[in-house]
Amino acid sequence: MTKKTSASADKKADESVSALSPSTKAPVNAKLSKDERIDLYRTMLRIRRFEERSLRAYQAKKIGGFLHLYIGQEAVAVGCCSLMGKDDHVITAYRDHGHAIAVGMGLNELMAELFGKATGCSKGKGGSMHYFAPDRNYWGGHGIVGGQVPLGTGLAYALKYKGLKGAAMAFMGDGAVNQGAVHEAYNLASLWQLPVVFVIENNGYSMGTSQRRSSAGELAQRAEAYDMAWGTCNGHDLYEVRETMDRFLKAAREASKPAIVEIRTYRYRGHSVADPDNTYRSKAEIEDYRRTKDPIQLFQNQLMAEGVLNDALIEQIDQAARLEADQAADFAEASPFPTVEDLQRDVYWEADHPSERKSGGRLFFN
Ligand SMILES: Cc1ncc(C[n+]2csc(CCOP(=O)(O)OP(=O)(O)O)c2C)c(N)n1
Ligand SMILES: [Mg+2]
129 MTKKTSASAD
139 KKADESVSAL
149 SPSTKAPVNA
159 KLSKDERIDL
169 YRTMLRIRRF
179 EERSLRAYQA
189 KKIGGFLHLY
199 IGQEAVAVGC
209 CSLMGKDDHV
219 ITAYRDHGHA
229 IAVGMGLNEL
239 MAELFGKATG
249 CSKGKGGSMH
259 YFAPDRNYWG
269 GHGIVGGQVP
279 LGTGLAYALK
289 YKGLKGAAMA
299 FMGDGAVNQG
309 AVHEAYNLAS
319 LWQLPVVFVI
329 ENNGYSMGTS
339 QRRSSAGELA
349 QRAEAYDMAW
359 GTCNGHDLYE
369 VRETMDRFLK
379 AAREASKPAI
389 VEIRTYRYRG
399 HSVADPDNTY
409 RSKAEIEDYR
419 RTKDPIQLFQ
429 NQLMAEGVLN
439 DALIEQIDQA
449 ARLEADQAAD
459 FAEASPFPTV
469 EDLQRDVYWE
479 ADHPSERKSG
489 GRLFFN
């Protein structure tokens, strides 16, 4: 969503959105209060403003390493994470900013992490791909494509093994679905009937490879081979994400039934900010998505039609989100870097607890 379309609704986008979301009346959406609806909108906008601000910081060389922006996919993380109860868990890949904000992490600790500062959520040593908040049941932020999927299955296994309540959501990209470890995880999840929902965020591309060129068949339908339930939904429509995921999460929580859900979405930026995207898709394609399917614009239109949002409130929410993102960048800038001594902390448990160490051998290279 460009500045133009943020506060004052873009007329063209308005025209392309003819009706309310088909999921408006689903109980999980119908029960939302006015404030809860506004909160969902605000969270999506905060994610976008945070990332736009982080991009400027990256261009100003305040951020090193990778920066994979989630812009365009906000309704997926916000829709899914808004359904989490206190016993539910979430894990994702490296495009992890949206999920972090959706589970309630603060912009200061997130921006500081990007700047590599000691006040970051991972003490400045993880960066963009390694956001974590165990206190919010948010288990990262992982850089190996598909690597988080067995871990998410392990979260669900632990819930079942320990007789705890809740379910786990394991997010992955469309590029992860052919990884062997993902299929091993599917198999065990079904064999052991674990309370996990595998969420495929299909944004159409795995770096520069289109999903259609890399994967055969329906991505989520592969669940049938493992005797699991599956579904798909429109990830540009926040209400539809909530309606679909609510069904599968309930089955996971209440009946320990695993499932695979493909959520169709789109990223507007390159694979990472260092990766220009003028070779594998057309500008017209990106523009078309922006103009007709922007999840924030669509939800804004929805809430305007519901009488929940108006121009003044939209402007106020937008200004607050921009200010919050700017203040997070100021906080990050003013924070200290980790010290040299900090570098080897939090890497190996044994190194942090030498008196309890049982293993031999070398932990670090000299
Ligand atoms: C096992 C492994 N292989 C390759 C890579 C390099 N790599 C990083 S991101 C990526 C694309 C993944 O695309 P997708 O799963 O669709 O996620 P998206 O970037 O679209 O969110 C690849 C191939 C990696 N990190 N890990
Ligand atoms: Mg992808």
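Numbering (my numbering), first residue to last: 129 to 494.
Beta carbons are placed, not taken as given, at the ideal position from N, Cα and C, and that holds for glycine.
For a minimum of 3 consecutive residues, which ranges assigned as the beta strand (DSSP E) are wholly contained in the segment 285-352? 296-301 and 324-330
At the level of alpha carbons, what is the spacing between Arg177 and Arg450? 6 Å
For ligand 2, I want to know if Ser334 counts as a neighbour, meaning its beta carbon is within less than 7 Å of at least one of the ligand's heavy atoms. yes
Can you look up Asn96 in the DSSP assignment and give me helix, strand or coil? Beyond the ends of the chain as shown, which are 129 and 494, falls residue 96; an answer cannot be given.
Please report how far the alpha carbon of Glu180 lies from the alpha carbon of Glu484, in whole angstroms. 45 Å
Apply the 10 Å Cβ neighbour rule to Ile219 and answer buried if 16 or more other Cβ atoms are within range, or exposed otherwise. buried
Along the chain, where does the beta strand (DSSP E) containing Glu390 start, and where does it finish? Ala387 to Arg392
Indicate, with yes or no, if ligand 2 has a heavy atom lying under 7 Å from the CB of Asp302. yes
So does His270 have its beta carbon nearer than 7 Å to some heavy atom of ligand 1? no
Using 10 angstroms around the beta-carbon of Glu241, count the other beta-carbons present and answer buried if the total reaches 16, otherwise exposed. buried
If we ignore side chains and look at the alpha-carbon of each, how far apart do Glu329 and Ser487 end up? 40 Å
Any heavy atom of ligand 1 inside 7 Å of the beta-carbon of Arg409? no
Helix, strand or coil: which one does DSSP assign to Cys361? strand
Of all the options Gln276, Tyr289, Leu322 and Leu319, which has the alpha carbon lying nearest to the alpha carbon of Gly308? Gln276
According to the neighbour-count rule (16 or more other Cβ atoms, all chains shown, within 10 Å of its Cβ), is Lys131 buried or exposed? Any reading at Lys131 must be qualified, since the residue scores a pLDDT of 41, below 50, and its modelled position is unreliable; the value itself is stated next. Lys131 should be labelled exposed.
Residue environment, Ala457, which counts as buried when at least 16 other CB atoms sit within 10 Å: buried
Any non-hydrogen atom of ligand 2 within 7 Å of Asn331 CB: yes
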